[in-house]
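Right, one structure below, let's go through it.
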Amino acid sequence: MNRSPYLTDAPSVTSIMLRVLLALVPGIAAYVWVFGGGILVTLALASVTALSVEALMLKLRGRPIRMFITDGSALVTAWLLALALPPLAPWWLIVLGTAIAIVLAKQLYGGLGYNPFNPAMVAYAALLISFPLLMTSWPAPLTLAEIQLGFVEQMQFIFSGALPTGVALDAVTSATPLDYLKTQLTLNHSMEEISQSSIFGSLGGQGIELIAAGYLLGGLYLIQQRIITWHLPTAFLASIALIAAIFYLADASRFADPAFHLFSGATMLCAFFIITDPVSGPTTPKGKLIFAAGIGFMTYIIRVYGGYPDGVAFAVIFFNICVPLIDAYTQPRVFGHEK
Amino acid sequence: MLTALYVMIGLALLLGIVLGYSALKFKVEGDPLIARIDAILPQTQCGQCGYPGCKPYATAIAKGEADINQCPPGGDAGVHALADLLGVEYKPLNAEHGEPKPKSVAVIDENVCIGCTLCIQACPVDAILGAAKHMHTVIASECTGCELCVAPCPVDCISMEPIAESPANWKWRYPVFEIKPERPVQKKSAA
Amino acid sequence: MNAIVNISRLLKDRLAKTGLSRFKGGVHPPQHKLESTTSPIRSVPVPKYLVLPLRQHVGNVSKLQVATGDHVLKGQLLAKADGQVSAAVHAPTSGVIASIGNQLIPHPSGLPDISITLESDGKDQWIERQALDYLAMSKPELLDHLREAGVVGLGGATFPSHIKLREDTRHPVRTLIINGAECEPYITCDDMLMRERADEIVRGIEIMRYLLDAEVCAIGIEDNKPEAIRAMREAVAKSEIAINVIAVPTIYPGGGAKQLIKVITGKEVPSGRLPTEIGVQCFNVATAYSVHRVVNHGEPVISRVVTVTGNVAHAGNYEAPLGISISELVQLAGGQAEDGDLIMGGPMMGFNLPAVDVPVVKATNCIIVPSAEMFPDPEPALPCIRCTRCADACPVNLQPQELYWFSKSQNLEKAREYDIFDCIECGCCTYVCPSNIPLVQYYRYAKSEIIAQDRAKEAADIARERNEFRLMRIEREKQERAQKHAQKAAGAKAETGADNAVEAAKKAAIAAAVERAKAQKAEVVAKNTEAVSPRVEAEIAKIEARRAQQPEPLRQPEQAQLFAESQEAEVTSASSQVESLQPLSKDKQPTEEAK
């Protein structure tokens, strides 16, 4: 059979996915440092759910199970969702979210390579709409919490919702910086007063900025490994920084500075791991810039004017819809053609 | 409440004007329908559809007198194209009008030909050359393979020969790769 | 990120220093060139049988000039070029034509094609050879010599060279580029030719430059061939004309004609056009060498250098007579192969030979005897994950993933819209695909399907035209017959003497019609008389020319007349065409109303 080229030199899909998981490790390490080991339980739970649901769906769809289960894409989706959910979210929320991501957002569309939306973000948005309270109650970083839960206690909480005797829920939770900012601004407090709160760190949220730095590190590794290109993260971060700077310069008392927006919420995770999902993203270099800048812009708008503290999920899904359009209008100039 | 109503009505009016204007301004002059149908038909002029040629068949389709599945040389692809053009449901080729065959050309056995000119008169594209009492010959490149010349020949000297694949007209095949099913069960569920 | 920007800036700076530009994309596959460059080009003993396909080039199949049983000498013409885009075939040795018929040829289709089998007499006796004093010859004469000598592009494209060497007054060639890049892995035939026969190549370039009257001559060689660059530089220094030897960066597919032109001149050949439009022409070094052999030695193209490499004991380059069985060549190199194993061409763009027993042709630059470890079977293809590695690697800046979707779903119109015909099938996209998708296979399929569809459409258009013409002719004949009847009837009525005003008007109309018919007839007759306008004379000449081209049986008087008549009918009556077209346009009206 004719099949030239006979030579290939490409990393397998599996190795790409595994390197994405590897790139998440610094962020996860920071996460454990800041919020405790509970996240490891969440990650494990999501992984097991994702793999079993994926296998089940492949079987139902009559697809080769081993070939697709070993590609690692389900694990990436599971980890991204787990990292986006609040730590200490109940086990059934994690299982439900992962199942939504794999079944609804991925397999029902045709599995690997065919999902028009980012599966992790679809699941996140579905959970956020269905369980707004659970999805917005974050534990306080360990350094700020009145009572620090150990790994076993966190695990107990995830599975049973039970806290150690004598510990009130308020003692372990706190508002996230983005949430706090929003509430305080509606109470007409100025930026200066708000940023005095202990939950604010030097750049973003206390502790959260460390996690963001971890993601940044992992993202740079992905670029170095040529698994993602610079286009998406750069355009996304630049777009958020730019629009935040414009608002900040216009009225520093009512808008947070760009650094805060870059290092809080899911900004870094989004920049290097979520919008870089190739399947649901655009393919042209110019299209990537537009896509990422658009998500950055929309994320900021939702953060400042929307009903939710962070807007990454909705912005990503919205721009996923626009991908075919973006691609169609940003076709690069082909060799020997005039533009 | 009332404001909303006004806004909606105003919007509707505005969009209506824009749409109406662009419908007039950017109107695309299409070919007449018959020509567009005719462009899809393979121009074999074989008459298998029951009409005396491709154009009459196209006319009949345009008038709604003929169905879109009466052209075997056009094949399945032709029916699909017609269904797309006319915005109707695809239907499989009507077997009454014949089966699609590989493209062929007529070949005259020149030793047998008596020069009766009957085939020349039958040929819809003037692809047969010859004169009375002289041997006839087919211009292979012009022959559409309609077979209309076969029946009139009194000595049965015309045969249809399928065009053989050669390095000159060979096509690359659609890539098909065998994926070994992991278990026979999956074959069943896939089928 | 900064690192990448810096690297690309560095690269740009380096290129700016050398004055070269670069094309986007490309890949760096392992070279594997050392294996076949350890020993000089080896000669090959003339085998007992040689098989010479008549289709070894782009264009028309060449016309047979010999019959079975003829004795021919080495270098004798066996089949001559048919038309301009065609090339001649010559006997690589002296011997007897054993048979003429279909034989397996080295073609991806694996189909047989018409070939001459030559049985060697072992004497290897040349025809009379004569060097040409080309500077004293007219250019068309020299081009004719090249056409008769079967010179085609030996880089693999096998396009007849005499056409590319014609002077084009609209697009004069300023820059002559000689392609010695040889970017594909494993292949070293051009490399070895440049190392060993640099002077001869330069002689060939001088002839090409003379024919094209080019102002600038450049040889592009990838910088992984320092020996070849050195050899060419030395040879060029001895030449009377200025030839620039340029070391181009090693990147696949830097040896593609359009890519090399871009690197050296910075200009892009417009899509679907020829390089001459930007004043450039490009030839392979081996082509320059064969031009030299033809002109300065009177030797037609009867052999070429072939790289035999891979799983063989003596990998190297062999100067093989055209027509030698590839299996013999492989045996000579100490290898063994089974049908379907061998690859002709490089590992990026080559193809599997249908059998080992196919002849070496003008396009055979390399034979790879693969082992299982060299080119393992590809992993099963996964779905495309749109990672766009293919787009990054594509040297023509296509979006391979889009073309793949379109080709896979047989959405051929869309594939064409996304410029699938700009794809050079270099294989870079498949080379980097993490999902192991055989992208190029899909493009080849889509391209040949589109070409077939276009051909069918063209044939349908011709058939429609001919059918309409026939209907028109029948209609006209009917009208003429009706006119004749009317004329007769009117004549009869006039005799009876019944004439009123209506009759008179009718009569006048009929008379007019008769006049018209007469005039028409006269015009038709006038065609074959002496006193005609120059335009009509030209028409007659054209028809005569067409008649002369028709096969033998047509020239019989009556048939020829019939043919000529139908031709004349085509050129004469523009007015009657309009008339007989009217019924057709009437047909159209109801639908327009219906719409």
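Chains as they are written, first to last, in this note's numbering: chain P, 1 to 339; chain V, 1001 to 1191; chain D, 2001 to 2595. We put the CB at the ideal spot given by N, CA and C, even for glycine.
- Taking a Cβ-Cβ threshold of 9 Å, the residues of chain V close to residue 2113 (chain D) are 1166, 1167 and 1168, in chain order.
- Residue 2441 (chain D) reaches chain V at 1172 and 1175, counting residues in chain order whose Cβ is nearer than 8 Å.
- Annotation: the stretch 2169-2234 of chain D contains the following complete segments of the alpha helix (DSSP H) (minimum length 4 residues), in chain order: 2189-2196 and 2198-2212.
- Annotation: residue 2226 (chain D) to residue 2045 (chain D) spans about 31 Å, alpha carbon to alpha carbon.
- Between the alpha carbons of residue 1040 (chain V) and residue 1062 (chain V) lies a gap of roughly 13 Å.
- Straight across, the Cα-Cα distance linking residue 175 (chain P) with residue 134 (chain P) is about 12 Å.
- Separation of residue 2421 (chain D) and residue 2346 (chain D) (C-alpha to C-alpha, rounded to the nearest whole angstrom) is 22 Å.
- One alpha carbon belongs to residue 252 (chain P), the other to residue 243 (chain P), and they sit about 13 Å apart.
- Look at residue 14 (chain P) here: in three-state DSSP terms it is helix.
- Your pair residue 291 (chain P) and residue 281 (chain P) checks out as a contact, with CB atoms roughly 6 Å apart and the cut at 8 Å.
- Judged by DSSP secondary structure, residue 2080 (chain D) falls within the beta strand (DSSP E) whose first and last residues are 2077-2080.
- The beta-carbon of residue 2449 (chain D) is placed less than 8 Å from the nearest beta-carbon of chain V.
- The beta carbon of residue 2031 (chain D) does not come within 8 Å of any beta carbon belonging to chain P, so the residue lies off that interface.
- Contact annotation: the stretch 2355-2366 of chain D touches the stretch 2106-2119 of chain D, with at least three C-beta pairs closer than 8 Å.
- For the stretch 12-24 of chain P, the beta-carbon criterion of a distance under 7 Å to any beta-carbon of chain D is satisfied by 12, 13 and 16.
- With distances taken between CA atoms, residue 2153 (chain D) lies nearest to D:2058 out of D:2080, D:2397, D:2058 and D:2434.
- The beta carbon of residue 2065 (chain D) sits closer than 7 Å to the beta carbons of 2077, 2078, 2079 and 2080 from its chain, once the five residues preceding and following it are set aside; these are given in chain order.
- Rounded to the nearest whole angstrom, the C-alpha separation of residue 1057 (chain V) and residue 1035 (chain V) is 11 Å.
- Beta-bridge partners of residue 2043 (chain D) (DSSP): D:2319.
- Looking at the DSSP output, residue 1116 (chain V) shares a beta bridge with no other residue.
- The beta carbon of residue 2460 (chain D) sits closer than 8 Å to some beta carbon of chain V.
- Cβ neighbours of residue 296 (chain P) within its own chain (closer than 6 Å, five residues either side excluded): 236, 239 and 240.
- For residue 2464 (chain D), the secondary structure class from DSSP, reduced to helix, strand or coil, is helix.
- Residue-level contact check: residue 2185 (chain D) does not touch chain V, since none of the beta carbons of chain V fall below 8 Å from its beta carbon.
- Contact of residue 2282 (chain D) with chain P is not assigned, every C-beta pair being separated by 8 Å or more.
- Within its own chain, the residues whose Cβ lies closer than 7 Å to the Cβ of residue 71 (chain P), once the five positions on either side in sequence are excluded, are 13, 14, 17 and 112, listed in chain order.
- Only residues of its own chain outside the window of five on either side were considered, and among them 86 and 173 have a CB closer than 7 Å to the CB of residue 137 (chain P), listed in chain order.
- In terms of beta-carbon proximity, residue 154 (chain P) stays away from the interface with chain D, with every pair separated by 8 Å or more.
- Where residue 224 (chain P) is concerned, the enclosing alpha helix (DSSP H) starts and stops at 208-224.
- In this structure residue 2445 (chain D) touches residue 2407 (chain D) by the C-beta definition: roughly 6 Å separates them, less than 8 Å.
- Taking C-alpha positions only, residue 2027 (chain D) is separated from residue 2063 (chain D) by approximately 42 Å.
- Counted as a single uninterrupted DSSP element, the alpha helix (DSSP H) harbouring residue 194 (chain P) occupies residues 191-194.
- Contacts between residue 1053 (chain V) and chain D, judged by CB atoms closer than 9 Å, involve 2467 and 2471 in chain order.
- By alpha-carbon distance to residue 1163 (chain V), the top candidate from V:1102, V:1152 and V:1091 is V:1102.
- Here residue 305 (chain P) is exposed, its C-beta having fewer than 16 other C-beta atoms within 10 Å.
- Within the stretch 1126-1145 of chain V, those residues whose Cβ lies closer than 7 Å to any Cβ of chain D are, in chain order, 1126, 1129, 1130, 1131, 1134, 1135, 1137, 1142 and 1144.
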